[in-house]
Amino acid sequence: MEQSLRGGLSLLLSGFGFWSHDIGGFEDTSTADVYKRWCAFGLLSSHSRLHGSTSYRVPWLYDEEAVDVLRFFTNLKMRLMPYLYRAAVQAHTEGVPTMRAMALEFPEDRTCLYLDRQYMLGDDLLVAPVMNDRGVGEYYLPKGRWTNFFTNEQRDGGGWQEDVCGYCDIPLWVRPGSVIALGSRDDTPEYDYADDVTFRVYAPEDGEESGTEVYGTDGELKLRLTVRRQDGLITLSCIGEGTYTVELIGITGLSVQGAAMEVQKDRTVLAGCQSEMAVRIKEGRS
380 MEQSLRGGLS LLLSGFGFWS HDIGGFEDTS TADVYKRWCA FGLLSSHSRL
430 HGSTSYRVPW LYDEEAVDVL RFFTNLKMRL MPYLYRAAVQ AHTEGVPTMR
480 AMALEFPEDR TCLYLDRQYM LGDDLLVAPV MNDRGVGEYY LPKGRWTNFF
530 TNEQRDGGGW QEDVCGYCDI PLWVRPGSVI ALGSRDDTPE YDYADDVTFR
580 VYAPEDGEES GTEVYGTDGE LKLRLTVRRQ DGLITLSCIG EGTYTVELIG
630 ITGLSVQGAA MEVQKDRTVL AGCQSEMAVR IKEGRS
């Protein structure tokens, strides 16, 4: 699995926009442990396939847990389709690969020049596949305040990290100041990505701006969300056609204009969103 990722990152740095690999490896038959770890890696790739030379790669030939793991990460990928399709459009129009070596996204960070066991999936998701039978994910976070995609835990980057991961887990971290578009379906990749999309806003630092786009499967722009933060006020502007909800991750809202607001434990949810919104927030870290 390590060698597959190294080879893939080399290919992607050579001008290719997309890359995939054989989940479980091409030759022979992997252990159930390797297969389950590879499912997480494989579904967080530009495209995913169960394929091998002499044995079937279907999960139920390994064990029931393998079925659960493959289902979990397949469901995740289906919800990530608006985000992944945006990365695909970027690859087509700008030549930037969907899966990126860390050095490509963080050229000023010298540590990233040598990293070949983790990668950026699109602009904003850092993926670090678990490469050992101890279930320990070892990876590097560049500087900034990163957020765990699954738990919303926040960590300051600029150093090495180590996590113990179950099979339905993988180090998956959201870049500081990102906006991630999540689709409404987890059972198929073929749906209207702009219909009932959820924008997860990992709020920019004070004085900064961020945003994202949602494209249709015809490659045409459907929605664009722009987020600005200034002096305790987050303003959101959305243009295009579609229905959406906004989740401000790690942010406590105090008041809102242009939407209905619900403050939850680790986020503030905006529903009934208008094209222009403003949220007064509680300053400081959650």
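Counting along the sequence shown from 1, when you hit position 175 you're at 554 in my numbering, and nothing is skipped either side.
For glycine and all other residues, C-beta sits at the position ideal for the given N, C-alpha and C.
For residue i, which option in the options has the closest C-alpha, if you only look at C-alpha atoms?
| i | options | result |
| --- | --- | --- |
| Tyr518 | Met481, Leu604, Val558 | Met481 |
| Phe578 | Asp407, Glu655, Ile628, Cys418 | Ile628 |
| Arg428 | Thr453, Thr410, Phe529 | Thr453 |
| Cys418 | Arg496, Pro508, Arg385 | Pro508 |
| Tyr462 | Gln609, Val635, Tyr594, Thr647 | Tyr594 |
| Asp597 | Glu569, Ala582, Val580 | Glu569 |
| Gly474 | Leu391, Glu655, Asp447 | Leu391 |
| Asp447 | Gly545, Glu484, Gly556 | Gly545 |
| Ser589 | Gly536, Ser557, Arg496, Gly562 | Ser557 |
| Leu492 | Val625, Phe395, Asp548, Leu520 | Leu520 |
| Arg554 | Glu532, Asp548, Gly562 | Glu532 |
| Ile559 | Leu612, Gly501, Asp565 | Gly501 |
| Asp645 | Glu626, Gly651, Val658 | Glu626 |
| Arg513 | Pro476, Leu649, Glu541, Ser399 | Glu541 |
| Ile402 | Glu443, Arg385, Ser424 | Ser424 |
To the nearest angstrom, report how far apart residue i and residue j are at their CA atoms.
| i | j | result |
| --- | --- | --- |
| Ile618 | Leu602 | 6 Å |
| Val576 | Arg458 | 9 Å |
| Met510 | Gly523 | 25 Å |
| Leu633 | Gln653 | 18 Å |
| Glu381 | Arg489 | 21 Å |
| Glu683 | Thr433 | Any question about residue 683 goes unanswered here, given that the chain covers just 380 to 665. |
| Glu662 | Arg465 | 31 Å |
| Gly586 | Gly516 | 34 Å |
| Ser383 | Asp610 | 46 Å |
| Leu504 | Glu641 | 26 Å |
| Asn527 | Gly431 | 32 Å |
| Thr408 | Leu422 | 19 Å |
| Glu484 | Leu494 | 12 Å |
| Gly536 | Pro583 | 16 Å |
| Asp426 | Val468 | A quick correction: the sequence has His, not Asp, at residue 426. Roughly 14 Å separates the two Cα atoms. |
| Trp552 | Gln636 | 30 Å |
| Ser616 | Asp574 | 17 Å |
| Thr591 | Leu455 | 19 Å |
| Ser563 | Arg496 | 31 Å |
| Arg607 | Tyr581 | 11 Å |
| Gly404 | Val437 | 12 Å |
| Tyr498 | Phe529 | 18 Å |
| Ser665 | Trp439 | Per-residue confidence for Ser665 stands at a pLDDT of 46, beneath the threshold of 50, marking its modelled position as unreliable; no derived number is given. |
| Asp412 | Asp565 | 25 Å |
Alpha helix (DSSP H) containing residue i: first to last residue?
| i | result |
| --- | --- |
| Glu381 | 381-391 |
| Glu484 | 481-484 |
| Ala560 | From DSSP, Ala560 is part of no alpha helix (DSSP H) but of the beta strand (DSSP E) over 558-561. |
| Phe452 | 443-458 |
| Cys617 | No alpha helix (DSSP H) holds Cys617; the beta strand (DSSP E) holding it covers 612-619. |
| Lys601 | Looking at the DSSP string, Lys601 is not in any alpha helix (DSSP H); the run it does join, the beta strand (DSSP E), is 600-609. |
| Phe397 | No alpha helix (DSSP H) contains Phe397, which DSSP labels as neither H nor E. |
| Gly632 | Segment 632-636 is the beta strand (DSSP E) holding Gly632; no alpha helix (DSSP H) there. |
| Tyr498 | Per DSSP, Tyr498 belongs to no alpha helix (DSSP H); it is in the beta strand (DSSP E), 498-500. |
| Thr412 | It should be noted that the sequence gives Asp, not Thr, for residue 412. 411-422 is the span of the alpha helix (DSSP H), which, as asked, contains Asp412. |
Buried or exposed for residue i, please, with buried defined as at least 16 other CB atoms from any protein chain shown within 10 angstroms of its CB.
| i | result |
| --- | --- |
| Pro550 | buried |
| Val543 | exposed |
| Ala638 | buried |
| Thr410 | exposed |
| Glu655 | exposed |
| Thr647 | buried |
| Arg416 | buried |
| Val658 | buried |
Under the criterion of a Cβ to heavy atom distance below 8 Å, does residue i qualify as lining the ligand NAD?
| i | result |
| --- | --- |
| Val468 | Only the bare structure without any ligand can be found here, which leaves the ligand NAD out of the picture. |
Check whether the Cβ atoms of residue i and residue j lie closer than 9 Å to each other.
| i | j | result |
| --- | --- | --- |
| Tyr715 | Tyr435 | Past the boundaries of the shown model lies residue 715; the chain is included only from 380 to 665, so the question cannot be answered. |
| Met478 | Leu388 | yes |
| Ile660 | Thr614 | no |
| Tyr623 | Leu600 | no |
| Ala445 | Gly396 | no |
| Asp571 | Gly621 | yes |
| Cys547 | Phe451 | yes |
Within the continuous beta strand (DSSP E) that includes residue i, where are the two ends?
| i | result |
| --- | --- |
| Val658 | 655-660 |
| Gly474 | Premise fails: Gly474 is in no beta strand (DSSP E) and is neither H nor E. |
| Gly516 | 515-520 |
| Trp439 | Trp439 -> no beta strand (DSSP E), and no H or E assigned at all. |
| Leu551 | 551-553 |
| Ala650 | 646-650 |
| Ile628 | 623-628 |
Counting only beta-carbon separations shorter than 9 Å, does residue i have a partner in chain C?
| i | result |
| --- | --- |
| Ser654 | Any reference to chain C falls outside this structure, which holds one protein chain only. |
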